[in-house]
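Protein chains: 2
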Amino acid sequence: MKEISILGSTGSIGCNTLKVVEAFKGEFGVAALGAGSNTELLAEQVEAHRPRLVSVSDDESREKLIFELKQRGILNLPLISTGVEGLTEVATCDRVEIVIGAVVGALGLLPTYHALEMGRRVALANKETMVIAGELMTRAAERSGAELLPVDSEHNALHQCMRGEKREEIKRLVLTASGGPFRNADKQTIENATPAQALKHPTWRMGAKITIDSATMMNKGLEVIEAQWFFNCSADEIDVLVHPQSVVHSMVELIDGSIIAQMGVTDMRHAIQYALTYPARLPSQLPPLDLTALSKLEFFAPDTDRFPCLRLAYQALRRGGTMPAVLNAANEVAVAAFLDEKIRFGDIPRLIEAACDAHQISPANSLETVLNADRWARDWVTQKIANQTTAVTV
Amino acid sequence: MKEISILGSTGSIGCNTLKVVEAFKGEFGVAALGAGSNTELLAEQVEAHRPRLVSVSDDESREKLIFELKQRGILNLPLISTGVEGLTEVATCDRVEIVIGAVVGALGLLPTYHALEMGRRVALANKETMVIAGELMTRAAERSGAELLPVDSEHNALHQCMRGEKREEIKRLVLTASGGPFRNADKQTIENATPAQALKHPTWRMGAKITIDSATMMNKGLEVIEAQWFFNCSADEIDVLVHPQSVVHSMVELIDGSIIAQMGVTDMRHAIQYALTYPARLPSQLPPLDLTALSKLEFFAPDTDRFPCLRLAYQALRRGGTMPAVLNAANEVAVAAFLDEKIRFGDIPRLIEAACDAHQISPANSLETVLNADRWARDWVTQKIANQTTAVTV
Chain U
1222 MKEISILGST
1232 GSIGCNTLKV
1242 VEAFKGEFGV
1252 AALGAGSNTE
1262 LLAEQVEAHR
1272 PRLVSVSDDE
1282 SREKLIFELK
1292 QRGILNLPLI
1302 STGVEGLTEV
1312 ATCDRVEIVI
1322 GAVVGALGLL
1332 PTYHALEMGR
1342 RVALANKETM
1352 VIAGELMTRA
1362 AERSGAELLP
1372 VDSEHNALHQ
1382 CMRGEKREEI
1392 KRLVLTASGG
1402 PFRNADKQTI
1412 ENATPAQALK
1422 HPTWRMGAKI
1432 TIDSATMMNK
1442 GLEVIEAQWF
1452 FNCSADEIDV
1462 LVHPQSVVHS
1472 MVELIDGSII
1482 AQMGVTDMRH
1492 AIQYALTYPA
1502 RLPSQLPPLD
1512 LTALSKLEFF
1522 APDTDRFPCL
1532 RLAYQALRRG
1542 GTMPAVLNAA
1552 NEVAVAAFLD
1562 EKIRFGDIPR
1572 LIEAACDAHQ
1582 ISPANSLETV
1592 LNADRWARDW
1602 VTQKIANQTT
1612 AVTV
Chain X
1222 MKEISILGST
1232 GSIGCNTLKV
1242 VEAFKGEFGV
1252 AALGAGSNTE
1262 LLAEQVEAHR
1272 PRLVSVSDDE
1282 SREKLIFELK
1292 QRGILNLPLI
1302 STGVEGLTEV
1312 ATCDRVEIVI
1322 GAVVGALGLL
1332 PTYHALEMGR
1342 RVALANKETM
1352 VIAGELMTRA
1362 AERSGAELLP
1372 VDSEHNALHQ
1382 CMRGEKREEI
1392 KRLVLTASGG
1402 PFRNADKQTI
1412 ENATPAQALK
1422 HPTWRMGAKI
1432 TIDSATMMNK
1442 GLEVIEAQWF
1452 FNCSADEIDV
1462 LVHPQSVVHS
1472 MVELIDGSII
1482 AQMGVTDMRH
1492 AIQYALTYPA
1502 RLPSQLPPLD
1512 LTALSKLEFF
1522 APDTDRFPCL
1532 RLAYQALRRG
1542 GTMPAVLNAA
1552 NEVAVAAFLD
1562 EKIRFGDIPR
1572 LIEAACDAHQ
1582 ISPANSLETV
1592 LNADRWARDW
1602 VTQKIANQTT
1612 AVTV
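In order, the protein sequences belong to chains U and X.
Using my numbering, you'd call the opening residue of the first sequence number 1222 and step up by one each time.
Using my numbering, you'd call the opening residue of the second sequence number 1222 and step up by one each time.
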């Protein structure tokens, strides 16, 4: 039995990971769970999986969790830590073989880094970790021999497409994008989209932040940056293709002109299972993909005029250094402000572009440097939004 | 430089193989060419590639070839053999590392078998060899350690999809079919289709026999049988999906629900190059696939009511032994009769079904047995067609 720990257990990926664990009784044990403040769900997970260690956001959540656990009649309480230190304890917990990195945003950075330094397999669903600190993460994995496996559906698909291939025989990666809820919307509609409209994703059910990223296509931009580090590619070797059906999860073009594509149903449990069982594949209990029921698959070039976030991401990737960290942090703050109805949907790319233009690049050669760039961008965009109370747009 | 020999050099696959050889100057040398009676094209190939040995159908073709070569001012003539013996000499020619098996019909059987017995890589485009004697071929390859690589686009695609996969983790093979020229035709139109109509293939340019097989979907039926031997599968593990765009060349479903597909342009040179360079991939000089230009991929379940040949092939595969050999031979005779306008298009499956029903199965445990079954079916169907001069249908 392999012991796993989950960073972000009460989120969408975390819950699905526990479903996969339940589907493979005896294969995996849950040693540690890291969550935020959803103590009710965490208590339920603790009752079902009995981890040795859990982590929550702060002391208040800790007290709540203890109360919830006692309510459930659980006498033998796990260790309960808090904050980023708590998450790091979850990531580095004794005897754990696989760490699932699924917290949202920059919070996963340090815990993931420590898990990689210890040589643990990290199944990474947290895009931001690789966007902000891809070089540091891949170097840490190289030094320790840790496996760094992608859990998000596109990179997981790319990983599968490359199983039998040599890096030097790969010409191009093609990330597919659903196109989000505004795929066919005009510029004006996109500019003024409401949170309710932007949260209606056509094919995937995910958390709020990542769903908004899908609507702006920043999600795909972050994936392009992530792909560079996962697969040792340059921006010129990574393309994006809009594919509304989300059936082809991604593709690889080989130097001989052959294209290998991975397809499946839009259920994250497939990618999670793959990352847990790799290099083996185990029988899935999910319904298989019915290609005849789909009947039609479409592919379009993306429109960076209506979706400037994709262009901004390529630009940040090419500029390099701390620029992707700034792009990501600016995006996090802007998306949160949009969800809070403080800014328009169309302000999201404008704020990001302004932050990137204002940033002085440094080489991304230490966690301190990238975290400083992250903080700088958060402050800069927060200030910009605060100043905006009098202005209509940036 | 790897020396190759080609069985069927003046056919579609043979000519494309020589184009691939020309595109990779210095990588491959042509040691031997086996052809039929197209001595003009063969003479051109001899002039361009200077093989040590060639083979033609008979003495008349031999004389013609000598005349053609002298006309071209070639003084240093290659050895010129004839018949199946000649083809076998081509397949077993000294120092040859790769044999391309691309003659049409049952003729390729013996030469291919001998090449496999010698441990040579055989890049096989001749479907009938595996349909008639798949078990004998794969056993010969196992004994000598020969590599048996598929060149036709679907099996080549399956081979590529399986590069990084374990046999026991493969759940299902999905062969795609263009659906041929009669994909949307009604039963009556198909019944009375003319050779000119049946020869108009929507996506692939191939020889006449294989193009008719595509129109009846027997081509796909033969591929299902072939797939059993290439990939060690049962009939239940092989599915067919109509995909008019012929962009997805085939797919593999893994036990975890993931589907790996291979895509490419509809140019046989890709599969030929793959079989020549495997396990390496070399840069192709052909234009790449443009997925955005395609925009739409469709998939449908096949209709065995309008295309009974597919049903007959599954039936023969399940019955086993000499039955696939009978199916194939009956098909060859029926197709030739259709092209000669002796029978209707709709008679092709009726003749095959009648031959299969009349056949007494034996285990396919020797070349003699399968060749006897092949001869029996040819005679039976030929006789049936001769008797038909008075009857309208079988």
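Think of the CB as a built atom: it goes at the ideal place given N, C-alpha and C, for glycine as much as any other residue.
Which of helix, strand or coil DSSP assigns to residue i
{"i": "U:M1439", "result": "helix"}
{"i": "X:V1615", "result": "Per-residue confidence for X:V1615 stands at a pLDDT of 47, beneath the threshold of 50, marking its modelled position as unreliable; the derived number appears in the next sentence. Here X:V1615 sits in coil by DSSP."}
{"i": "X:V1469", "result": "strand"}
{"i": "U:Q1483", "result": "strand"}
{"i": "X:R1540", "result": "helix"}
{"i": "X:T1238", "result": "helix"}
{"i": "X:I1319", "result": "strand"}
{"i": "X:T1309", "result": "helix"}
{"i": "X:T1303", "result": "strand"}
{"i": "X:I1287", "result": "helix"}
{"i": "X:N1608", "result": "helix"}
{"i": "U:A1362", "result": "helix"}
{"i": "X:Q1266", "result": "helix"}
{"i": "X:Q1581", "result": "coil"}
{"i": "U:D1280", "result": "helix"}
{"i": "U:H1422", "result": "coil"}
{"i": "U:K1408", "result": "helix"}
{"i": "X:M1351", "result": "helix"}
{"i": "U:Y1499", "result": "coil"}
{"i": "U:I1433", "result": "helix"}
{"i": "X:V1325", "result": "coil"}
{"i": "X:L1444", "result": "One point to set straight first is that residue 1444 of chain X is Glu, not Leu, in the sequence displayed. Helix."}
{"i": "U:I1493", "result": "helix"}
{"i": "U:A1594", "result": "helix"}
DSSP beta-bridge partners of residue i
{"i": "X:L1254", "result": "X:I1227, X:V1275"}
{"i": "X:K1517", "result": "U:E1519"}
{"i": "X:A1398", "result": "X:V1463"}
{"i": "U:E1474", "result": "U:R1393, U:I1480"}
{"i": "X:P1371", "result": "X:L1345"}
{"i": "X:F1249", "result": "X:K1223"}
Members of the stretch 1503-1522 of chain U near chain X, C-beta cut-off 7 Å: Listed in sequence order: L1503, P1504, S1505, L1507, P1509, L1510, L1512, T1513, L1515, S1516, K1517, L1518, E1519, F1520, F1521, A1522.
Validate contact between the stretch 1362-1379 of chain U and the stretch 1331-1340 of chain U using beta carbons, cut 8 Å, 3 pairs: The stretch 1362-1379 of chain U is in contact with the stretch 1331-1340 of chain U.
Cβ contact (3+ pairs, closer than 8 Å) linking the stretch 1512-1528 of chain U and the stretch 1487-1501 of chain U: No, because fewer than three Cβ pairs between the stretch 1512-1528 of chain U and the stretch 1487-1501 of chain U fall closer than 8 Å, the two stretches do not touch.
Near-chain U residues of the stretch 1475-1489 of chain X (beta-carbon distance less than 8 Å), N- to C-terminal order: Along the stretch 1475-1489 of chain X, going in chain order, the ones with a CB nearer than 8 Å to a CB of chain U are L1475, I1476, D1477, G1478, S1479, I1480, I1481, A1482, Q1483, M1484, G1485, V1486.
Stretch-stretch touch, CB-based, cutoff 8 Å, three pairs: the stretch 1533-1547 of chain X with the stretch 1411-1423 of chain X: Contact between the stretch 1533-1547 of chain X and the stretch 1411-1423 of chain X is absent, because fewer than three Cβ pairs lie under 8 Å.
Residues from the stretch 1325-1341 of chain X in contact with chain U, defined by Cβ distance under 9 Å: From the stretch 1325-1341 of chain X, no residue has a Cβ closer than 9 Å to chain U.
The stretch 1549-1567 of chain X in contact with the stretch 1503-1510 of chain X per 3-pair CB rule at 8 Å: The stretch 1503-1510 of chain X and the stretch 1549-1567 of chain X do not touch, with fewer than three beta-carbon pairs separated by less than 8 Å.
Inter-stretch contact at 8 Å, needing at least 3 Cβ pairs: the stretch 1474-1482 of chain X / the stretch 1319-1333 of chain X: Counting Cβ pairs under 8 Å, fewer than three are found: no touch.
Stretch pair the stretch 1395-1410 of chain X + the stretch 1462-1473 of chain X: three plus CB contacts closer than 8 Å: At 8 Å Cβ cutoff, the stretches touch.
Touch test, the stretch 1234-1250 of chain X against the stretch 1590-1597 of chain U, Cβ-Cβ under 8 Å, three pairs minimum: Flag = no, the stretch 1234-1250 of chain X and the stretch 1590-1597 of chain U do not touch.
Cβ contact (3+ pairs, closer than 8 Å) linking the stretch 1558-1576 of chain X and the stretch 1432-1443 of chain X: As far as the Cβ criterion goes, the stretch 1558-1576 of chain X touches the stretch 1432-1443 of chain X, which means the pair count is three or higher.
Members of the stretch 1440-1466 of chain U that neighbour chain X once the beta carbon cut-off is set at 8 Å: So the close ones are L1462.
The stretch 1544-1554 of chain X in contact with the stretch 1500-1507 of chain X per 3-pair CB rule at 8 Å: The stretch 1544-1554 of chain X makes no contact with the stretch 1500-1507 of chain X; the number of CB pairs closer than 8 Å stays below 3.
Three-pair Cβ contact test at 8 Å for the stretch 1273-1286 of chain U versus the stretch 1250-1259 of chain U: Output reads yes: the stretch 1250-1259 of chain U touches the stretch 1273-1286 of chain U.
Members of the stretch 1361-1374 of chain X that neighbour chain U once the beta carbon cut-off is set at 9 Å: Residues of the stretch 1361-1374 of chain X with a C-beta atom less than 9 Å from some C-beta of chain U do not occur.
Chain U contacts made by the stretch 1247-1274 of chain X, where a contact means CB separation under 7 Å: Within the stretch 1247-1274 of chain X, no residue places its CB atom closer than 7 Å to a CB of chain U.
Contact between the stretch 1403-1414 of chain X and the stretch 1354-1365 of chain X (3+ Cβ pairs under 8 Å): The stretch 1354-1365 of chain X and the stretch 1403-1414 of chain X do not touch, with fewer than three beta-carbon pairs separated by less than 8 Å.
Inter-stretch contact (C-beta, 8 Å, three-pair minimum) for the stretch 1443-1463 of chain U and the stretch 1445-1460 of chain X: Contact between the stretch 1443-1463 of chain U and the stretch 1445-1460 of chain X is absent, with fewer than three C-beta pairs closer than 8 Å.
Touching by the beta-carbon criterion (3+ pairs, under 8 Å), the stretch 1257-1275 of chain X and the stretch 1292-1310 of chain X: Three or more pairs of CB atoms, one per stretch, sit closer than 8 Å, so the stretch 1257-1275 of chain X contacts the stretch 1292-1310 of chain X.
Completely contained beta strand (DSSP E) runs for the stretch 1542-1573 of chain X, where each covers 3 or more residues: Listed in chain order, there is nothing to give.
Members of the stretch 1569-1588 of chain U that neighbour chain X once the beta carbon cut-off is set at 7 Å: Here the close residues number zero.
Members of the stretch 1305-1324 of chain U that neighbour chain X once the beta carbon cut-off is set at 7 Å: Within the stretch 1305-1324 of chain U, no residue has a Cβ that lies closer than 7 Å to any Cβ of chain X.
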